[in-house]
Structures are given as C-alpha cells and as structure tokens.
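Visitor: My questions all concern the structure below.
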Amino acid sequence: MLASIVSPSGLIILFSIFGIGGIGTTLLRGNNRAQNLWAHIFSITGALWGLIFAASALISNREFYVNGLATSFPFLSLSFHIDKLSSLFIIIICLSVLFCSIYGIGYVKSFYGRYNVGNYGFFYNLFIAAMLAVVTSSNGILFLFAWEIMSLASYFLVVYERHDHKNVKAGYLYLIMTHAATALITLAFILLFNHAHSFDFNTIRASVPSMSMALKNIVFLLAFVGFGTKAGIIPFHIWLPAAHPAAPSHVSALMSGVMIKTGIYMMIRLFLGILLPIPLWWGLTLIIVGSISCVLGVLYALTEHDIKRLLAYHSIENIGIILLGLGGAMVFYSLHLPTLMLLSLAAALFHTWNHATFKSLLFLAAGSVALATGTKNIEKYGGLIKSMPQTAILFLIGAMAISALPPFNGFYSEWLTFQSLIHGVLSGDILVKWVFLGGLVSLALAGGLALACFVKAFGSTFLARPRSVMAKGAKEVSIWMRSGMAGLAVLCLVLGVASAYIIKSLESLGREITASPRAGLITSVSSRQTLQIGHNFGSISAPFITVVAVATPLLVWFVSRYFINRHQKITSSPTWDCGTDITPRMEITSTGFARSLTMIFQPLLRSNLSYDTAPAGSLAPTSIVATVGIVDIYKKYIYGRMYSLINILSIYFKKIQNGNINAYILYILLALIIALAMGI
Amino acid sequence: MHILAWALQILFVPLLAPLGVGIINKIKAKVQRRQGAGLLQPYRDIRKLLHKDEVISEDASFIFNIAPYIVFGITLIVGASVPLFTSVIHLPSSDLITVVLLLATGTFFLALAGMDTGSSFGGFGSSREMTLSALVEGLFIASILVLVILHRTTNLYLIAGSVHLDYADLIAVALAGVSFFIVLLAETNRFPFDNVDTHLELTMIHEAMLLEYSGKKLALMEWASANKLIIFAAMLVNLYFPVGLASNLQFGTIALAITIFIAKLLVVYVAIAVLESVIAKLRFFRLPGLLFTAFILCLIAIGLVK
C-alpha cells in the first residue's frame with residue numbers, strides 16, 4: 018500500500034492535481050464563486066495528497082529517483098529525488114498550504130468582481146506546484162526552472178491587487194531582487210557543472226572531493242547570497258518587507274512561512290549534503306549573518322506600524338534563528354562533532370517547521386484584521402478583541418508561539434537552538450567559542466525584543482478601545498477563514514507537545530542528509546516523555562510543561578473563586594484617568610509603545626523624529642505634525658549606490674545601442690570573427 | 014519525608030514571599046527613622062484585598078481577567094522549579110531556558126493586561142516594562158551562562174548541587190553574581206529600575222500596569238510580584254553561592270538547610286533594602302547603560318572560565 022503511494026506515479030499525481038487546479042480555474046471564465054472553489058478544492062486535495070505521499074515516504078523509509086525523462090532541451094532532464102529531507106519539506110509546505118487554502122476560500126470572496134479570480138487560481142496553484150518541484154528536483158536545470166516559476170508565480174500574486182500602486186512597486190522590487198539572486202545561483206550551478214560536467218545533484222556530489230578549495234568557496238559565496246536573498250537575510254532582505262505585505266494574506270502566509278524556507282532547504286542540501294567536507298569559516302559566516310539578521314530583523318519589526326510589514330520583518334528574525342542552528346551544524350561538521358551537528362541541524366529544521374506554522378497563522382490573522390477593518394495600519398486598530406474574539410485568540414496563540422513562550426511550538430525549537438549554541442560555546446577554540454557566544458546573546462536579545470514587539474502588536478491591535486471608525490465597525494471574519502487559522506493554532510500546540518519525538522526523528526533524518534550514518538544521537542526520550550540532551554546536560558518535558566502551564570492558572574482561579582470570598586461583588590465602571598473623559602486618543606499607540614526601544618537602539622536604527630509646525634509666520638502654531646521614522650540605510654547606502662553605479666554604466670552602454678542598423682551588422686560581423694577565431 | 018519535601022518545595026515560595034517584602038519595608042522604614050508597618054503587614058494586605066469587592070473597567074477584555082491567574086500561576090511553577098533548600102528533588106521544568114521563558118510568559122500577560130483597559134498609565138507602564146524586560150532577558154541568560162559553562166549543564170538543580178569549587182573560577186562566578194543581582198533588581202522592579210512604592214505617573218513601571226486592578230486580582234498580582242522577588246533571591250544565593258543545600262531528604266538535614274537558606278535570603282533582602290535606602294532611582298534612559306555594564310561583567314566572566 019505504502020509502496021504504491023511512494024512511487025513516481027504518486028509524485029505525478031501530486032503535480033497533476035495542482036495542474037488541474039490551476040488550469041481549470043482559468044477555464045471557468047466569469048463565474049467567480051466556481052473559480053474560487055475550484056482553485057482551493059484542488060489545492061486542498063493536493064496538499065492532502067502531498068501529506069499522505071510524504072508521510073508514507075517517511076514511514077516506509079523509502080526514497081526513490083525519477084530518472085530518464087529526458088526532454089528535447091539540452092541538459093534538462095525531469096529527474097526528481099524523494100528523500101527524507103524532501104519529504105520533510107513537502108510536509109511543511111503541504112501543512113501550510115492546506116490551512117491557507119481553507120482560509121483562502123473565505124478571503125478570495127473579497128476579490129469578486131474587482132479582480133480576475135481565474136488568474137489568481139492559476140498562479141496560486143502554479144506557485145505551490147513550483148515550491149514542491151523545488152524541494153524534489155535533483156537536477157540543476159530542472160531546479161532552476163522550478164525556482165524561476167516559483168518566483169514568477171509569486172510575483173504575479175504580489176501584484177495581484179494591482180489597483181494599489183504600492184503593490185506594483187513592491188512587486189517590481191521583488192522581481193529585480195529575486196532575479197539578481199537567481200543569476201548568482203545559476204552562476205553557482207554553472208561553476209559546478211564546469212567541474213562535474215553534469216547538472217545532476219548526485220554526479221556533482223560524487224565529483225566534489227576532487228574540487229579545488231577556491232572553487233568551493235566561490236560556489237559557497239554565490240549560493241549563500243543567492244539563496245540568502247530568497248530567505249531574506251540582512252542585507253539582502255529589502256524586497257521582503259515590501260513584497261510580503263502586498264500579496265493577498267494567505268499568499269503572504271505561504272511566502273513568509275514556506276517560500277523563503279526553500280532558500281534554507283537548498284542551503285542544507287548544498288552545504289550539508291553536496292559540498293562536503295566544508296571548511297570551518299562557512300558555518301561561522303552563517304552564525305554571524307544569522308545573529309545580525311535576528312537582532313536587526315526584530316528591531317525593524319518594532320518600528321513598524323503596518324501589521325503585515327511587522328510580520329515580514331519577524332520572518333527575517335526567524336530566518337536568522339534558523340541560520341544560527343544551521344551555521345552551528347556546519348561548524349560542528351567541520352570540527353568533526355557529528356553528534357552535535359545532528360542536534361544543531363534538528364534545531365534548524367524544527368524551527369523551520371515551527372516558523373512555517375506560526376508565521377502562517379499570524380499572517381492569516383493579520384489578514385483577517387486587515388480585511389475586517391480595511392487598513393493595515395496598527396494605529397487605526399484597537400479594541401478588536403471585542404468584535405473579533407476568535408481571531409484575537411488565534412493571533413494570541415501565534416504571538417505566544419513566535420515569542421517562544423511555553424507551551425507552544427516556538428518555545429521548543431528556540432530551547433533546542435539555545436542548547437546547541439551553548440554546546441558550541443563549550444566545544445571549540447577561542448574563535449568558535451566567541452562566535453557561538455555572539456549567536457547566543459543575539460538569540461536571547463532577539464527573543465526579548467520579539468516579546469516586546471508582540472505585546473505591542475497584540476496590545477495595540479486587539480486591546481483597549483477602537484481608535485478609528487473602521488475598527489469600530491469591524492466584524493468577525495467568515496467561518497472558512499477562522500477554520501484555516503484554527504487548524505494552524507492547533508498545529509502550534511501539537512508540534513509543541515510532540516516536540517520530543519519530532520526532535521529525535523529530525524536528528525535521525527539529519528544523519529541521512531549528511532550521510533553520516535554512524536553519528537550517535539545526543540538526545541534521548543525518557544520514559545516520562547522527557548527529552549534529554551547528553552548526560553544530564555539539559556532536559557525538557559513537553560507534556561509536563563503543557564499540563565502544568567494550563568493546570569496551575571486554572572487551579573489558582575478555582576481556589577480564589579470558590580474558596581476565598583465566594584460572594585464577592587464585581588462591578589463595572591469606566592477606566593480611571595484622573596477625572597478626565599477618557600478617549601481613544603489617550604491610549605498608547607504602537608509607535609509610542611516602541612518609542613523607548615527605538616531611542617535606545619538609535620545608533621543601530623538611525624531613527625529620527627522631525628517636527629513640522631504650520632503655518633509659518635503666525636504667532637502660535639495651530640498644528641504640529643511630528644514624524645517618527647527610520648532611515649532605510651540599506652536603500653540609502655547599498656542599493657542606492659548600486660543603482661547610481663548601474664545608471665552611470667548604462668549611459669556608457671547606451672552609446673553602443675545607437676539604433677543605426679549598419680552598426681548592428683558590424684557587431685554581428687565582429688561577433689562572427691571572434692567566434693571563428695576562438696574556434697581555431 | 015519525600016512528600017513533605019515536595020510540599021515544602023511547592024509552598025515555600027508563596028508562603029514566605031510576603032514576609033520578604035515585609036522585611037524589606039521594615040528595614041527601609043528603620044533607615045528612614047520611621048516605625049514602619051509590622052513584618053506581617055503584606056499578609057494582612059493580601060488578606061484584605063482578597064476579601065474586597067472588585068471594580069473592573071468597561072473596556073477590559075478577558076485578557077485582563079485571566080492575566081492575574083496566569084501571572085500568579087507562573088510564579089508558582091517557577092517557584093517550585095528553582096532550587097530552594099535542597100538539590101535532590103527537581104521538576105522537569107528546572108532548566109535555565111525553561112525558567113527564563115516561563116517568567117517571560119508572565120511578563121507577557123502582565124504587559125497585555127496593562128494595555129487592556131486603555132488607560133494612558135497602563136499603556137506606558139507596559140511599554141516601559143517590555144523595554145526593560147527585552148534588554149534584561151539577554152543579560153539574565155548571559156549571567157547564568159557562566160555557571161552553565163562551569164558545570165556543563167543547564168539544569169538549575171545540578172548547578173546548585175555541584176560541589177565543584179575551583180578557586181580559579183571564583184572571580185568569574187562573583188562577577189556573574191554581580192550582574193545577576195542587577196538582573197534581580199530589574200526583574201523585580203526594585204531601585205534603581207523602578208520604585209514599587211510610588212504611584213507617580215512619570216516614573217512608575219510595574220504599578221502602572223496594575224492600576225486598574227482591585228480586590229482578588231490585585232491581591233494575586235501583588236503576591237505574584239513578591240513571589241518573583243523570592244525566586245530571584247533564591248536563584249542568586251543557590252546558584253552563585255551553593256552552600257548548605259540539603260543533599261538528602263532526612264528531617265534534620267532539611268531543617269538545617271531551610272535555616273541556612275532563610276539566612277542567605279535575609280542577606281539578599283537586607284542588601285536590597287539598604288541599596289534602596291541609599292541610592293536614587295535612575296532616569297529611564299540611563300538604565301540601558303547600567304544593564305550594558307552588567308553585560309560587560311558577564312563577558313569578562315565568560316572569558317575567565319575555560
């Protein structure tokens with residue numbers, strides 16, 4: 018039974034479901050409702066099939082290749098390889114897709130009559146299929162095709178709401194950045210091809226031992242920057258906070274939760290699967306970049322007051338945390354500490370999965386709020402917990418999970434990342450020790466700041482009183498949207514409770530990825546469901562923490578309600594505010610909430626505050642406008658300069674393109690001569 | 014004896030916590046040449062509040078209503094998880110990172126409750142509290158990290174129970190202990206970070222968040238903050254100065270260990286009270302500097318240990 022699922026035909030069925038979903042939607046012209054249902058029913062079915070397929074592959078311990086489907090294009094062969102890592106990522110992708118698609122049925126209704134739902138359905142299904150192809154392909158050219166389709170399909174989803182000029186601009190930035198990254202990745206594959214004379218991953222892996230160190234280093238840098246841009250590491254992140262908020266919310270959830278993880282997937286595949294053995298500095302680079310990304314990502318999130326941009330910056334933070342785990346794994350590999358390598362890799366993989374879950378949940382909840390109020394500006398929210406109580410609870414679960422608070426899943430993967438970093442501090446020379454220490458401190462700081470940021474996000478969105486007419490009129494979103502979110506919220510809890518087993522299986526999965534079958538496992542699960550690290554190094558018991566975290570507050574409530582002062586009278590009255598009439602303007606705003614932290618981190622953030630008093634000339638100003646903002650140092654110093662450099666260069670190149678047909682014939686002639694000369 | 018030890022471990026923190034606050038207040042009063050309230054005054058306050066009726070803001074949501082139970086419950090869990098008088102029994106949650114993140118959960122709900130009623134006080138209290146706790150969390154982990162490196166475990170009981178005492182490492186432990194003391198002051202809203210006695214809107218942090226609470230819920234919140242003080246004091250004395258913890262569960266050993274533990278706690282409480290009497294509260298934006306100094310101490314300490 019399992020064997021028949023885990024077969025090439027199982028994979029073909031998977032892709033065909035999304036194919037039928039995508040093409041079928043465009044054929045149902047005009048009927049928005051049918052298009053909506055068609056697109057999502059097929060993506061839900063596809064996701065369920067993908068889950069069955071990948072779970073069977075993991076359970077039956079089977080892996081298989083699809084080979085020999087050569088095409089008429091040179092080098093392109095449709096070869097896929099389903100191994101443990103691919104199966105894990107199929108599960109991660111399909112879980113998010115499943116719940117985002119359920120949510121999508123409700124969300125897409127808001128597009129009826131305004132935008133072409135057929136186009137949406139086509140690109141949505143294409144996007145998912147391309148992501149699945151990215152994590153299953155085992156041929157460089159096929160991979161690049163899938164990567165490109167994934168980028169283009171997501172681009173069209175980013176600019177889907179094209180009447181908003183900002184979305185089109187964000188999409189353009191995304192298009193440029195993603196193609197610059199793809200160029201680097203292509204170059205990396207061409208260099209590998211040059212050495213191995215093949216684009217096939219296995220052939221490349223077999224030829225790596227004879228590769229020169231210099232070539233490997235160049236490939237590493239190209240691949241790290243290329244995949245890092247997709248993953249959103251700082252300073253290649255600038256497209257991310259622009260593009261993710263522009264897409265429809267469940268697509269943002271998929272982009273932020275899943276698509277950027279394909280960058281991480283390829284880093285694991287290349288650095289820990291193909292290019293082995295690796296030098297020490299690769300891993301150290303990843304840890305340093307990860308530390309910078311996680312601290313700066315959360316700091317930028319603090320200054321944001323667009324709820325979806327805030328979440329997008331948190332994706333940068335979490336990618337940083339994943340890189341801390343992955344970089345740690347690479348360092349341990351170079352130091353020949355395979356047990357610790359497996360621990361770190363498990364931390365990275367688990368956090369990847371968890372982030373996909375809670376970030377999708379948060380984006381969906383943010384999308385619900387944005388849909389209900391018609392704005393993404395946090396300052397215009399307030400008091401939504403009364404009109405949208407269920408969305409509020411679901412957002413709260415996501416916020417707790419991303420802030421690594423027990424008993425949700427984020428807590429366990431962050432705990433594991435801490436453990437692996439502490440092991441790194443303990444087991445290296447002075448340089449390794451301080452790099453790990455830097456990672457550890459960054460992780461702790463980022464954790465604290467993330468907590469502050471989500472108090473701000475949840476507090477100013479859902480608590481106190483509505484600060485605008487839109488927030489006052491908000492209504493709870495449709496049942497489809499709530500069920501999609503609820504599914505993810507349950508998943509946040511389940512992944513947390515089952516964390517000990519998941520971590521252990523991820524470790525043994527890491528053994529196969531890195532082809533180190535003899536590496537021992539440092540973790541063990543005791544009879545009391547406690548995950549042990551090493552011999553008494555650290556331990557955590559998910560069921561215990563879950564039960565205690567729920568039962569203790571309940572017990573406190575029960576005792577204080579029924580045993581002490583049982584006949585207490587509770588009256589309700591307005592909030593006290595020194596005898597004045599309390600208005601929503603007296604509440605703290607999200608900018609105000611984060612103001613102290615932005616002032617403290619002023620040297621890093623370059624935040625500025627400017628006053629604009631108007632009108633000039635009058636004795637007393639009638640209005641004062643204060644603008645708080647941060648300078649985008651990346652745009653100003655890096656991309657701005659690159660832009661002007663390219664601009665200057667293109668002025669020179671323009672001279673070649675003079676529009677004179679004689680000149681072009683001359684160029685062809687010259688090219689021909691050079692080609693002939695090189696042929697000799 | 015085992016059950017008795019467990020009961021003591023769980024009940025010690027909530028039962029003795031108010032007394033600690035009473036002691037600090039009494040010493041402060043004496044230094045200020047006042048008679049001061051009795052040592053048991055905090056118990057009377059909690060009892061009084063528990064029997065009062067409550068007024069709840071119209072704007073409050075369920076967050077405001079459940080927060081006191083969560084905040085108090087978390088201090089119960091953490092109180093049972095940190096080593097108190099013995100290093101023999103321990104819970105699966107007696108882990109450094111777990112304890113830090115459990116306490117963060119309490120802070121999270123406390124800050125949300127502060128924002129929930131929509132008063133300016135609560136909002137700014139939450140903002141200040143989260144600013145401080147964001148900066149302190151890293152220092153908290155860094156200051157215990159020195160001990161983790163020394164003892165090669167993140168389990169708090171194993172740290173407290175280890176007899177390893179290398180004189181070469183004493184300086185590092187002392188430096189880390191100093192920065193943990195600063196963490197204690199920040200996390201328990203003591204001088205120079207916050208003033209628990211004031212209700213002056215410009216300066217208060219912790220009290221601002223509790224302003225809308227009354228009756229039972231206020232009692233739980235105040236009690237929780239007393240618990241937090243004893244938890245941090247216990248961590249300070251038992252992790253950095255692990256002397257006199259019972260290594261078995263004999264009646265005599267435990268009785269002796271509890272006496273020693275209370276004596277050690279007293280030293281910390283006296284230190285806090287004296288400190289509060291002689292220094293002033295720092296301006297809010299000077300606090301990151303103090304925390305940064307403590308962080309540098311931690312780095313030196315980590316550099317000193319191998």
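Residue numbers (my numbering), protein chains in the order written: chain A, 18 to 697; chain B, 14 to 319. Don't be surprised by glycine CBs; every beta carbon is placed ideally from N, CA and C. Remember, predicted model here, so these are calculated numbers, not experimental data.
1. Note the first and the last residue of the continuous beta strand (DSSP E) segment covering A/GLY555.
2. At what residue ranges does the segment 416–472 of chain A contain a whole run of the alpha helix (DSSP H), taking only runs of 4 or more?
3. Using CA coordinates, which residue listed in A/TYR654, A/MET498, A/ALA688 and A/THR302 is at the minimum distance from A/VAL118?
4. By a C-beta neighbour count over all protein chains shown, 10 Å radius and 16 as the cutoff for buried, is B/ARG296 buried or exposed?
5. Can a CB atom of chain B be found closer than 8 Å to the CB of A/THR563?
6. For A/ALA260, which residues in the same chain have their Cβ closer than 6 Å to its Cβ, ignoring the five residues on either side in sequence?
7. Pull out every residue of the segment 464–497 of chain A whose Cβ sits closer than 9 Å to any Cβ of chain B, in chain order.
8. With 16 other CB atoms within 10 Å as the buried threshold, where does A/HIS368 fall?
9. Does the CB of A/VAL573 have a neighbour CB from chain B at under 8 Å?
10. Who pairs with A/VAL542 in a beta bridge, going by DSSP?
11. If you reduce the DSSP assignment to three classes, tell me which class A/TYR129 lands in.
12. Compare the C-alpha of A/TYR628 against each of A/THR644, A/GLN619, A/ALA223 and A/LEU293 and name the closest.
13. Please name the residues in the segment 98–111 of chain B whose beta-carbon is closer than 7 Å to at least one beta-carbon of chain A, in chain order.
14. Given a cut-off of 8 Å on the beta-carbon distance, is the pair A/PHE253 and A/GLY245 in contact?
15. Which stretch, first to last residue, makes up the beta strand (DSSP E) that contains A/ILE99?
16. Would you grab the beta carbon distance between A/GLY274 and A/ALA373 for me? Rounded to a whole angstrom, and I think it's under 8 Å.
17. Is A/GLY41 buried or exposed, if buried means 16 or more other CB atoms sit within 10 Å of its CB?
18. Considering A/MET511, what are the terminal residues of the alpha helix (DSSP H) in which it resides?
19. How long is the line joining the alpha carbons of A/THR588 and B/GLU225, rounded to whole angstroms?
20. Can you round the beta-carbon distance between B/LEU233 and B/TYR82 to whole angstroms, since I take them to be within the 8 Å contact cut?
21. Anything in chain A within Cβ reach of B/LYS241, meaning under 9 Å, just list it in chain order.
22. Could you round the C-beta distance between A/GLU529 and A/ASP100 to whole angstroms and report it? I think they count as a contact, below 8 Å.
23. For a quick check, are the C-beta atoms of A/VAL494 and A/ALA559 less than 8 Å apart?
24. Taking the beta carbon of A/GLU321 as the centre, do at least 16 other beta carbons fall within 10 Å, making it buried, or is it exposed?
25. Taking the alpha carbon of A/MET230 as the reference point, which residue from A/LEU292, A/ILE305 and A/GLY300 has its own alpha carbon closest?
26. Please determine, among A/LEU44, A/PRO534 and A/ALA20, the residue with the shortest C-alpha to C-alpha distance to A/ALA72.
27. Should A/LEU492 be labelled buried (16 or more other beta-carbon atoms within 10 Å of its own) or exposed?
28. What is the DSSP secondary structure of A/ASN625, counted as helix, strand or coil?
29. Taking the alpha carbon of A/ASP649 as the reference point, which residue from A/HIS267, A/SER590, A/GLY47 and A/LEU313 has its own alpha carbon closest?
30. Under 8 Å between beta-carbons, which chain A residues line up against B/PHE85? List them in chain order, please.
31. Applying the criterion that 16 or more other CB atoms from any shown protein chain within 10 Å of the CB defines a buried residue, is A/ARG612 buried or exposed?
32. My guess is that A/ILE9 and B/GLY136 are in contact by the Cβ rule of under 8 Å, so how many angstroms apart are they, rounded?
33. With a cut-off of 8 Å, does the C-beta of B/ASP182 fall near any C-beta of chain A?
34. Would DSSP call A/SER154 helix, strand or coil?
35. By a C-beta neighbour count over all protein chains shown, 10 Å radius and 16 as the cutoff for buried, is A/PRO534 buried or exposed?
36. Whole angstroms are fine: how far does the CA of B/ALA237 sit from the CA of B/ASP210?
Guide: On the basis of the supplied data:
1. 555–558
2. 426–443
3. It is worth fixing the name first, because residue 118 of chain A is Ser in this sequence and not Val. It is A/MET498.
4. exposed
5. no
6. VAL175, ALA187 and TYR191
7. GLY464, GLY465, LEU466, ALA467, LEU468, ALA469, CYS470, PHE471, VAL472, LYS473, PHE475, GLY476, SER477, PHE479, LEU480, ALA481 and ARG482
8. buried
9. yes
10. A/LEU548
11. coil
12. A/THR644
13. PRO105, SER106, ASP108, ILE110 and THR111
14. yes
15. 97–99
16. 4 Å
17. buried
18. It should be pointed out that residue 511 of chain A corresponds to Val in this sequence rather than to Met. That run of the alpha helix (DSSP H) goes 496–514.
19. 13 Å
20. 7 Å
21. Ordered by position in chain A, no residue passes the 9 Å Cβ test against B/LYS241, which lies about 15 Å from the chain.
22. 7 Å
23. no
24. buried
25. A/LEU292
26. A/ALA20
27. Checking the displayed sequence, the identity of residue 492 of chain A turns out to be Lys instead of Leu. Under this definition A/LYS492 is an exposed residue.
28. strand
29. A/LEU313
30. PRO570 and VAL573
31. buried
32. Chain A is shown from 18 up to 697; residue 9 of chain A falls before or after that span and cannot be answered.
33. no
34. strand
35. exposed
36. 16 Å
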